[in-house]
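Numbering (the working numbering), first residue to last: 203 to 472.
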Ligand code: SF4
């Protein structure tokens, strides 16, 4: 990293590859927009966090009643800003999925070791929090998602995601098992088959991650070394228009007027 101290997460690397200047504002300057927004899918992101915490408690042996209570307490606290309609839709999904999880899976099914749940991983350049790891070193990654037309391709996309590859490198994993919790009706769960890794494959992924980290290091802290494709500044579709939350900083820089819309990000590590 430019300041030589902060480690790269999978989200940081994805941000850099998608929008280098957004990476600059977020990870080099450490700034985040103050306001949450349905347009930037903050409610979906929070749903994913709450769901991951629910599965963590499940594998640590929490009772269904206690786990569901903790899940809805967190969900209500974190979404008090969210408009009623999108919140209601996701609340219904959470009600259905929490109950199905206890019906479908067992904390003793070997998919996740209770002491390797929500596992912090790091080396000298990268870091991340893995959903879970089995006793045999198989990654257990849970995703709350909408149904795609093809489950196989949806599964392939997550199995080959930058996030899962980085976890595989950091955990020296033997393989991965991806699980979906469908947020749209009919609400349901899908656990994919275990995919095994060859050590050579993990070494090649590590080489790719190191090359990206070298690239970021070489750019330093000059914002003009971080150019985005302007196509990504404003996403316009039939149903939504979504402006990049850093557009104000890109157009006007950090001033007394613009800085009130951003806060300093909490840094989890270094
Ligand atoms: S407004 Fe555009 S240039 Fe600026 S960070 Fe966002 S995507 Fe990148």
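Note that beta-carbon positions come from the ideal geometry of N, C-alpha and C, so glycine has one too.
Could you give the C-beta distance for residue i and residue j, rounded to a whole number, given that I count them as a contact under 8 Å?
i           : j           : result
residue 319 : residue 262 : 6 Å
residue 467 : residue 233 : 7 Å
residue 249 : residue 385 : 7 Å
residue 235 : residue 447 : 4 Å
residue 375 : residue 340 : 7 Å
residue 314 : residue 334 : 4 Å
residue 226 : residue 428 : 4 Å
residue 216 : residue 434 : Going by Cβ atoms, the distance from residue 216 to residue 434 rounds to 13 Å, so no, they are not a contact pair.
residue 360 : residue 379 : Not really, about 11 Å apart at Cβ, beyond 8 Å.
residue 245 : residue 273 : Residue 245 to residue 273, Cβ: 15 Å. No contact.
residue 452 : residue 445 : The Cβ separation is near 11 Å, so there is no contact.
residue 392 : residue 442 : Not quite, the Cβ-Cβ distance comes to about 27 Å (not below 8 Å), so this is no contact.
Does at least one heavy atom of the ligand SF4 sit under 6 Å from the Cβ of residue i?
i           : result
residue 263 : no
residue 221 : yes
residue 448 : yes
residue 422 : no
residue 345 : no
residue 379 : no
residue 465 : no
residue 329 : no
residue 224 : yes
residue 452 : yes
residue 313 : no
residue 284 : no
What residues match up with residue i in a beta bridge as DSSP calls it?
i           : result
residue 255 : Note: residue 255 sits in no beta bridge, so no partner.
residue 393 : 381
residue 234 : 465
residue 214 : Note: residue 214 sits in no beta bridge, so no partner.
residue 341 : 335 and 378
residue 438 : 443
residue 328 : 210
Less than 6 Å separating the Cβ of residue i from some heavy atom of the ligand MG?
i           : result
residue 434 : In terms of ligand content, the structure shown lacks the ligand MG and carries the ligand SF4 instead.
Looking only at its chain, what residues have a beta carbon closer than 8 Å to the beta carbon of residue i, apart from the 5 residues adjacent to it on each side?
i           : result
residue 372 : 323, 324, 325, 328, 329, 330 and 332
Looking only at its own chain, which residues have a Cβ that is under 6 Å from the Cβ of residue i, when we skip the five neighbours before and after it?
i           : result
residue 299 : 383 and 389
residue 229 : 214
residue 470 : Unreliable positioning characterises residue 470 in this predicted model, as indicated by a pLDDT of 48, which lies under 50. The coordinate reading is nonetheless provided below. Around residue 470: no qualifying Cβ.
residue 394 : 357 and 380
residue 304 : 266
Taking residue i as part of the beta strand (DSSP E), name the residues at either end of that continuous run.
i           : result
residue 324 : 319 to 324
For the alpha helix (DSSP H) that contains residue i, what are its first and last residues?
i           : result
residue 301 : 286 to 306
residue 279 : 266 to 280
residue 423 : Run containing residue 423: none; DSSP gives neither H nor E here.
residue 358 : 353 to 361
residue 430 : Unbroken run through residue 430: none, as it is neither H nor E.
residue 350 : Note, residue 350: premise wrong, no alpha helix (DSSP H); not H, not E.
residue 240 : Run containing residue 240: none; DSSP gives neither H nor E here.
residue 369 : 364 to 373
residue 222 : 222 to 225
residue 453 : 449 to 454
For residue i, collect the residues of the same chain with a Cβ closer than 7 Å to its Cβ; drop the 5 residues on either side in sequence, then sort them by chain order.
i           : result
residue 415 : 210 and 327
residue 363 : none
residue 212 : 330, 364, 365 and 368
residue 438 : none
residue 283 : 238
residue 288 : 240 and 245
residue 219 : none
residue 463 : 235, 236 and 450
residue 460 : 450, 451 and 454
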